[in-house]
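Peer 1: Okay, so the sequence shown: first residue is 23 according to our numbering, each after it adds one.
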Amino acid sequence: MNQDELKKQVAEAAIEYVETGTVIGVGTGSTANYFIDALARIKGRIEGTVASSVASADRLKSHGIAVMDLNQAGQLSVYVDGADEVDDYLHLIKGGGGALTREKIVAGASDKFVCICDESKLVKVLGTFPLPIEVIPMAQSYVARELVKFGGRPELRQGFTTDNGNIILDVRDLEILEPGKLESELNNIPGIVTVGIFANRPADVLLLGTGKGVETRSAP
Ligand code: 5RP
Numbered sequence: 023m024n025q026d027e028l029k030k031q032v033a034e035a036a037i038e039y040v041e042t043g044t045v046i047g048v049g050t051g052s053t054a055n056y057f058i059d060a061l062a063r064i065k066g067r068i069e070g071t072v073a074s075s076v077a078s079a080d081r082l083k084s085h086g087i088a089v090m091d092l093n094q095a096g097q098l099s100v101y102v103d104g105a106d107e108v109d110d111y112l113h114l115i116k117g118g119g120g121a122l123t124r125e126k127i128v129a130g131a132s133d134k135f136v137c138i139c140d141e142s143k144l145v146k147v148l149g150t151f152p153l154p155i156e157v158i159p160m161a162q163s164y165v166a167r168e169l170v171k172f173g174g175r176p177e178l179r180q181g182f183t184t185d186n187g188n189i190i191l192d193v194r195d196l197e198i199l200e201p202g203k204l205e206s207e208l209n210n211i212p213g214i215v216t217v218g219i220f221a222n223r224p225a226d227v228l229l230l231g232t233g234k235g236v237e238t239r240s241a242p
């Protein structure tokens, strides 16, 4: 199976976690897109969705799936989304698609976070994938200098503005040995909106697409 087939396979497996009559959170990216397409087949079973990006909201609506405002929806039963890296503790790096802030909000507002990934995303130590960080534009240079003090090599994601009107710095060379600690420390830098480490609220379930089928892992 190629990577797209593995993504589709885990996205379809995640349908099992959709609870009838509830509002669910929906992530962003190519794996999440396969989930949206699968969700279309059972859309009558759910009350609605909250999307983590404008792009996902548009795709959901194109399938006739109701998209709600998180403030109206309240607590969500489940959040389904992909990741750029995942470790054995279900800590994640996210934000390759630039939607990390809304993704972290929707994950936080959900009872369960189901992460859907192909096996290429599984790592022992997070940090090979450049860490996306959403930053208020006026703080770009200051935040970049602070990130260098952490040993990182920040680069502006060119020509990209987030759904919240901010920039993304992609940070290379961070070996993330203590993800929860680094997430909290970076979150304290003024001007940083969201760090793409999801460790303080990790995934609860990982559906990993492998050549031998879908492997289900729970947070240890
Ligand atoms: C978007 C994300 C995505 O979940 C992540 O980039 C994985 O994307 P894909 O499913 O296309 O591999 O965090 O901000």
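Even for Gly, the Cβ is constructed at its ideal location relative to N, Cα and C.
So, is H85 buried or exposed, given that buried needs 16 or more other C-beta atoms within 10 angstroms?
Peer 2: Indexing the sequence shown from 1 puts residue 85 at position 63. Flag for H85 reads exposed.
Peer 1: Just how far apart, CA to CA, sit Y245 and P242?
Peer 2: The structure shown does not extend to residue 245, since the chain is modelled only from 23 to 242, so the question has no answer here.
Peer 1: Apart from the five residues on each side of it in sequence, which residues of its chain come closer than 8 Å, Cβ to Cβ, to Y39?
Peer 2: Mapped onto the sequence shown, residue 39 falls at position 17. Contacts found: V100, V102, K134, V136, V227.
Peer 1: Report the option in V236, E41, A77 whose CA atom is closest to the CA atom of N186.
Peer 2: Here the question's residue 186 lines up with position 164 in the sequence shown. For the residues V236, E41, A77, the minimum Cα distance to N186 belongs to A77.
Peer 1: How would you call I155, buried or exposed, if buried means at least 16 neighbouring beta carbons within 10 angstroms?
Peer 2: Position 133 of the sequence shown, counting from 1, holds the residue named residue 155. It is buried - the Cβ of I155 has at least 16 other Cβ atoms within 10 Å.
Peer 1: Mapping the DSSP letters down to three states, classify T123 as helix, strand or coil.
Peer 2: Sequence index remark: in the sequence shown, residue 123 carries index 101 (1-based). T123: helix per DSSP, three-state reduction.
Peer 1: Measuring only from the beta carbon, is A105 closer than 7 Å to any heavy atom that is part of ligand 1?
Peer 2: For the purposes of this step, residue 105 is identified with residue 83 of the sequence shown, where counting begins at 1. Checking the Cβ of A105 against ligand 1 gives yes.
Peer 1: Give the single residue among R63, T53, K83, M90 whose Cα lies nearest to the Cα of D69.
Peer 2: Within the sequence shown, numbered from 1, the residue matching residue 69 stands at position 47. Correcting the residue identity first, residue 69 is Glu in this sequence and not Asp. Of R63, T53, K83, M90, the residue nearest in Cα terms is M90.
Peer 1: Which one of G118, P176, T184 has the shortest CA to CA distance from L208?
Peer 2: Residue mapping note: residue 208 aligns to position 186 of the sequence shown, counting from 1. Answer by Cα proximity: P176.
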